[in-house]
Amino acid sequence: MSSDPWGRVDETGTVYVRTADGEQVVGSWQAGTPDEALAYFERKYEGLVVEIGLLEKRVKTTDLSAKDAQTAIDHIREQVDAHHAVGDLDALKVRLDKLVETVDARREERKVQRAKQSDEARHAKEALVVEAEELAQSDQWRAAGERLRALVDTWKGLPRLDRKSDDELWHRFSHARSAFSKRRKAHFASLDAQREEARKAKEKLVAEAEALSGSTDWGPTAARYRELMADWKAAGRAQREHEDDLWNRFRGAQDVFFAARSSVFAERDAEQTENLKLKEELAEEAEKLVPVQDLKAARAAFRSINERWEAIGHVPRDARPKVEGRMHAVERALQESEETEWRRTNPEARARAEGLTGQLQAAVDKLQGQIEAARSAGNTAKADKLQKELDGRQALLDQALKGLQEFGG
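For the sequence shown, the numbering used here gives the first residue as 512, with consecutive numbering after it.
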C-alpha cells in the first residue's frame with residue numbers, strides 16, 4: 512500500500528483522495544505501482560489547478576462574459592466533484608467559490624454598466640430626436656440637411672434600447688426627417704416654378720433688348736434699357752443653366768447699342784469741340800463792339816455775327832452756358848444803348864424833362880429869394896429852415912438837368 516498527505520492506494524489498487532468529508536474513491540489502478548497511480552492522479556490535480564488559474568486570469572483581464580465564465584466554472588467543478596484527482600480538492604472548491612463570487616460581482620457591475628449605458632443612450636437619442644424635430648422646421652436647407660445626416664450617423668453609433676422605447680424614438684426621429692424632406696422638396700419645387708417664370712420673363716426682356724440694339728434713337732432707347740435693367744433685377748433668378756446665357760445675351764445687346772452710341776457721340780463731340788472754337792472766336796469779335804460807339808453799325812455787325820453763330824451748330828453741353836453768356840452780354844449792351852438813344856430822341860420825354868427842370872428851377876429861385884428876405888429881416892431860424900428845403904430842391908434840379916443833357920439839351 513502507498514499513501515501521501517492527499518491520497519492513498521490500497522492493496523487492491525483502489526485510489527483514494529482525502530477531503531473534508533472523508534476519503535473519496537478516485538479510481539482503480541492496475542497498470543503499475545501504487546506510486547505511479549498517485550503520481551498519475553496528482554498530475555490530474557495539477558491540470559485542474561492550471562485550468563482554474565487560467566480561468567481566474569481570463570475573468571480578471573478579459574471581457575469574458577459572465578455566462579461563459581459560469582459555464583467554465585461548472586465544467587471544472589464537475590471534474591473536482593468527480594474526485595478523479597489526488598490533491599487539495601477542497602482548496603480548489605474554495606477557489607471556484609471565490610471565482611463564482613467574482614463572476615457574480617462582474618455580472619452585477621456589467622448590469623449596472625449596461626443600465627447606465629442604456630440610460631445614456633436613451634438621453635442621447637432623445638436629444639437627437641428633439642434636435643431633429645427643431646431642424647424639421649428650419650429653412651436653412653443645406654445646413655439643416657447636412658446636420659440631419661450627421662444625426663443619423665450619430666444615432667447608428669448609439670446602443671439599442673429596449674424594442675418599444677427604441678421604436679418610439681426612431682419613429683419620431685424618422686418623422687422629423689421626413690417632414691423636413693417634404694418641406695424642402697416643396698420649397699425647391701416652388702423655387703423651380705419661380706425660376707421658370709423668371710426665365711420666361713427674362714426671355715422677353717432679352718428679345719426686346721436684342722431688338723433695340725440697332726436703334727439710333729439714342730435718348731429714348733437708353734432710357735428703355737434702364738427700364739429693362741430694372742425689370743431684369745425685379746424678375747429674380749432663372750435656373751442656373753439658363754441664367755448666365757440669358758444675361759450674356761441681355762448684356763451683349765446693350766453693349767452693341769451703347770458702343771454704337773459712344774462712337775456717334777465721340778464723333779459728335781469732336782465736331783462740337785471744333786464748333787466751340789469757332790463760336791468763341793465770334794464771341795470775341797462781338798465783345799469788341801462794346802462799348803458802343805456807333806449803334807447802327809454795331810447792331811449790323813452783331814446781326815452778321817449772330818447769323819454766322821447760328822450756322823455753326825451745337826457746342827459741347829458743358830461749354831454752352833459760358834460761350835452763349837458772352838454773346839448775351841453783348842446783346843444786352845446793345846439793347847441798353849438802344850434804350851438810351853430812344854430816351855434821348857423821344858420828343859415827349861424831352862418835353863417832360865424840360866417842364867420838370869423849369870419847375871424845379873423856379874422853385875429854387877423862389878426859395879433863394881425867400882432866404883435872402885429872411886436873413887435881411889434877421890429871421891435866422893426861418894432862413895435855416897428854407898435853406899434845408901433849398902438843398903433838397905437843388906439836388907432834384909441837378910438830377911433833372913443831367914437827364915435833360917441826355918436829350919442834348
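Where a beta carbon is used, it is the ideal one built from N, C-alpha and C, also for glycine.
Option nearest residue i by Cα separation, candidates the options
i	options	result
A655	S629, L662, L646	L646
G598	G564, D615, F552, A626	F552
S724	M740, Q750, D766, D755	D766
E567	L607, R529, V717, D592	L607
E719	E798, I584, A764, G543	A764
D521	A722, D532, Q535, P545	P545
L897	E752, L908, V875, E782	V875
F813	M838, R683, P832	M838
R819	L800, V560, L789	L789
L908	G880, A864, A892	A864
R779	E547, L639, R828, R810	R828
D677	E721, L565, A635	A635
R762	F776, R751, K713	K713
R695	S649, A873, A808, Y736	S649
A781	H586, L600, E657, G824	G824
K744	E752, R751, W758	W758
G880	E900, A862, G866, K667	E900
Q804	A661, E796, L845	L845
Separation of residue j from residue i, as counted between CA atoms
i	j	result
L610	T573	14 angstroms
E847	N890	50 angstroms
V717	D756	10 angstroms
Q916	A840	27 angstroms
V570	D664	34 angstroms
R683	D579	38 angstroms
S726	A704	34 angstroms
T784	P731	25 angstroms
P489	A822	This structure does not reach residue 489, given that the chain is present from 512 up to 920, and the question cannot be answered.
Q870	A911	10 angstroms
R810	L739	53 angstroms
R751	S774	35 angstroms
G920	A906	Model confidence at G920 stands at a pLDDT of 49, short of 50, so the residue's coordinates are unreliable; what they give is reported in the following sentence. Distance between the alpha carbons of G920 and A906 is about 18 angstroms.
Cβ separation of residue i and residue j, assumed to be a contact under 8 angstroms, to the nearest whole Å
i	j	result
W652	H698	7 angstroms
L793	V826	L793 to V826, Cβ: 11 angstroms. No contact.
L806	E849	6 angstroms
R688	L659	6 angstroms
A749	A690	Contact doesn't hold; Cβ gap of about 30 angstroms is too wide.
E540	V526	A quick correction: the sequence has Trp, not Glu, at residue 540. With a Cβ gap of about 5 angstroms, W540 and V526 count as contacting.
H595	V537	6 angstroms
L575	L603	About 20 angstroms separates the two Cβ atoms, so there is no contact after all.
A531	D601	5 angstroms
E562	I587	6 angstroms
P670	S629	7 angstroms
F776	Y736	Their Cβ separation, rounded to whole angstroms, is 15 angstroms, which puts F776 and Y736 out of contact at 8 angstroms.
E795	I816	So it is not a contact: roughly 10 angstroms between Cβ atoms.
Chain-order list of residues whose beta-carbon lies under 7 angstroms from that of residue i (same chain, five-residue window excluded)
i	result
A894	I882, A885, R886
E798	R837, V841
Cβ neighbours of residue i in the same chain (closer than 6 angstroms, five flanking residues each side left out)
i	result
R618	A577
W729	R772
Strand pairing of residue i, partner residues [DSSP]
i	result
S848	Bridge partners of S848: none, in fact.
Q535	V528
R625	None; R625 has no bridge partner.
G518	D515, V528
Spatial neighbours of residue i in its chain, beta-carbon cut-off 8 angstroms, leaving aside the 5 residues before and after
i	result
K693	none
R928	Past the boundaries of the shown model lies residue 928; the chain is included only from 512 to 920, so the question cannot be answered.
G524	S539, W540, Q541, P545, A548
I584	L566, L607, L610, V611, V614
P802	A844
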